[in-house]
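Okay, so here's the structure we're looking at.
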Amino acid sequence: MPDTFPRYRGRFAPSPTGPLHFGSLITACASYLDTRAHGGQWLLRVDDLDQTRVRPGADKAILTTLKRFGFRWDKEPIRQSDRTVRYQWALARLTGQNLVYACDCSRKRIREAGLAGVEGPRYPGYCRHRGLSDDGKIALRVALPNETLCIDDAIQGRLCQQLAVEVGDFVIRRADRCFAYQLAVVMDDADQGISHVIRGADLLQSTPRQVWLQHRLGLATPQYAHAPLARDAQGRKLSKQDMARPVDAANPLPTLRAAIAFLGQPTAEVSSDLESFWRQAIDNWSLDRVASKR
Ligand code: GLU
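As structure tokens, then:
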């Protein structure tokens, strides 16, 4: 069950698909600084839901790197791979509201339907009324209502999405039985009692769908803030899959300064040790400066 909510609780949820790279460090810094500046608690979660993408040892390596960079967390990290029971609970609640249906459509079929959504081809709802049964080897989707859902993001401003038209019925459990990120993240944030989610802007478009799930599941909605993404020289988002270079844990200060500079924070004070770097960065932190960088 959810912990009692403190006034402010933030989190960082890396996927252990490779070492920590600069893009993730920026997100970690934004969440950590905003949390500490509010006197809040900061929690970690290992997003290892999709075992096909997990790289052995990456979880430990990420935690070690964070520690070397001077991040401190307030509880033992949790991992999604331990939380299937909670995802099943969510699935049962949604099923009880007649919102879930089984679907055997291939990606090709969806592509050929030619409908565009915010994240590429949108599911046209073929299986909504086919009444396929869940044999455990079939994907499950939620039937979205014709509803516009708006969120007020502390960095990106207001985002309104017409869920059925812009997103389409999305998968909550894949055919390989892996629960989808969208469902897991909602349960994870709720159970960890997260009040403020600060993460990369690549997840902004996912947020209305997560808020919709929170409403259906009777969960509180955190305050969201989506930080701008670091890009490589070709303008692409840095990600572990792109093999973005891991951050150098042997020499954290220059990288930390670059990260907070990217977030629009002052770096004028020269700190020669991690502890004073963090003290100054927390004292100087302003989320508004991140917003003006976007
Ligand atoms: N695990 C996701 C990532 O590494 C972040 C999920 C989230 O912050 O909601 O991109």
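Position one of the sequence shown corresponds to residue 0 (numbering that gives the first Met the number 0), numbered consecutively onward. Just so it is clear, CB atoms sit at the ideal spot from N, CA and C, and this is done for glycine as well. The structure presented is a predicted model; accordingly, all values stated were derived computationally and were not measured.
Where residue i falls, given that 16 or more other Cβ within 10 Å makes a residue buried
{"i": "TRP41", "result": "buried"}
{"i": "PHE11", "result": "buried"}
{"i": "TRP88", "result": "exposed"}
{"i": "LEU131", "result": "exposed"}
{"i": "GLN79", "result": "buried"}
{"i": "THR206", "result": "buried"}
{"i": "PRO13", "result": "buried"}
{"i": "PHE70", "result": "buried"}
{"i": "ALA229", "result": "buried"}
{"i": "ALA224", "result": "buried"}
{"i": "MET242", "result": "Confidence in MET242 is poor, its pLDDT being 49 and thus under 50, which makes the residue's placement unreliable; the coordinate value appears in the next sentence. With fewer than 16 Cβ atoms within 10 Å of its Cβ, MET242 is classed as exposed."}
{"i": "CYS126", "result": "buried"}
{"i": "SER23", "result": "buried"}
{"i": "PRO15", "result": "buried"}
{"i": "THR51", "result": "exposed"}
{"i": "THR63", "result": "exposed"}
{"i": "ARG108", "result": "exposed"}
{"i": "ALA363", "result": "What the structure shows of the chain is the stretch from 0 to 293, and residue 363 is not part of that stretch, so it cannot be assessed."}
{"i": "LEU286", "result": "buried"}
{"i": "ARG198", "result": "buried"}
Residues that residue i bridges to, as DSSP identifies them
{"i": "GLN160", "result": "LEU148"}
{"i": "VAL21", "result": "Looking at the sequence itself, residue 21 is Phe, so the reference to Val does not match. The partner list for PHE21 (beta bridge, DSSP) is empty, contrary to what the question assumes."}
{"i": "ARG102", "result": "Strictly speaking, residue 102 in this sequence is Cys, with Arg absent from that position. Answer by DSSP bridge pairing, in chain order: ALA138."}
{"i": "TYR223", "result": "VAL196"}
{"i": "ALA115", "result": "PRO120"}
{"i": "PHE11", "result": "LEU43"}
{"i": "PHE169", "result": "DSSP output for PHE169 lists no bridge partner at all."}
Option in the options with minimal Cα separation from residue i
{"i": "LEU252", "options": "PHE276, PHE261, ARG235", "result": "PHE276"}
{"i": "ILE218", "options": "ALA248, ALA183, LEU19, VAL170", "result": "It is Leu, not Ile, that sits at residue 218 in the sequence shown. Comparing Cα-Cα distances from LEU218 to each of ALA248, ALA183, LEU19, VAL170, the minimum goes to ALA183."}
{"i": "PHE169", "options": "ALA249, GLN209, LEU158", "result": "GLN209"}
{"i": "GLN204", "options": "LYS136, LYS66, CYS159", "result": "CYS159"}
{"i": "ALA297", "options": "PRO13, GLY9, LEU19", "result": "This structure cannot speak to residue 297, because the chain is shown only from 0 to 293."}
{"i": "ALA294", "options": "GLY17, SER14, PHE21", "result": "Since the first residue shown for the chain is 0 and the last is 293, residue 294 is missing from the structure and cannot be characterised."}
{"i": "ASP134", "options": "ALA60, ASP287, ALA101", "result": "ALA101"}
{"i": "GLU165", "options": "GLN181, GLY199, PRO123, GLN155", "result": "PRO123"}
{"i": "LEU162", "options": "GLY116, GLN181, ARG52, ILE77", "result": "GLY116"}
{"i": "LEU273", "options": "ALA290, THR254, ILE197", "result": "THR254"}
{"i": "THR147", "options": "PRO265, ALA138, ARG157, LEU139", "result": "ARG157"}
{"i": "LEU202", "options": "ARG215, CYS177, LEU216, GLN155", "result": "GLN155"}
{"i": "ARG82", "options": "ASP49, ILE25, THR94, ALA200", "result": "ASP49"}
{"i": "SER296", "options": "ALA260, ARG256, LEU262", "result": "There is simply no residue 296 to check, as the chain begins at 0 and stops at 293 in what is shown."}
{"i": "ARG176", "options": "ILE137, ASP190, CYS149", "result": "ILE137"}
{"i": "ASP33", "options": "ASN250, ARG235, GLN222, ALA267", "result": "GLN222"}
{"i": "ALA36", "options": "ILE281, ILE109, VAL289", "result": "ILE281"}
{"i": "ALA260", "options": "ASN250, VAL141, ARG288", "result": "ARG288"}
{"i": "GLY119", "options": "ARG244, PHE178, GLY167", "result": "GLY167"}
{"i": "ASP46", "options": "ALA153, MET186, LEU212, ARG92", "result": "MET186"}
Closer than 7 Å: residue i CB and nearest the ligand COA heavy atom
{"i": "ALA12", "result": "Here the bound small molecules are the ligand GLU; the ligand COA is not part of this structure."}
Check: residue i C-beta below 7 Å from any heavy atom of the ligand GLU
{"i": "ASP46", "result": "yes"}
{"i": "VAL184", "result": "yes"}
{"i": "LEU148", "result": "no"}
{"i": "GLY199", "result": "yes"}
{"i": "LEU43", "result": "no"}
{"i": "LEU202", "result": "yes"}
- With a floor of 4 residues, list each alpha helix (DSSP H) that falls wholly inside the segment 34 to 89, ordered by position along the chain. 57 to 67
- Message: I'd like the ranges of any alpha helix (DSSP H) spanning at least 4 consecutive residues and lying wholly in the segment 245 to 275.
- Response: 251 to 261
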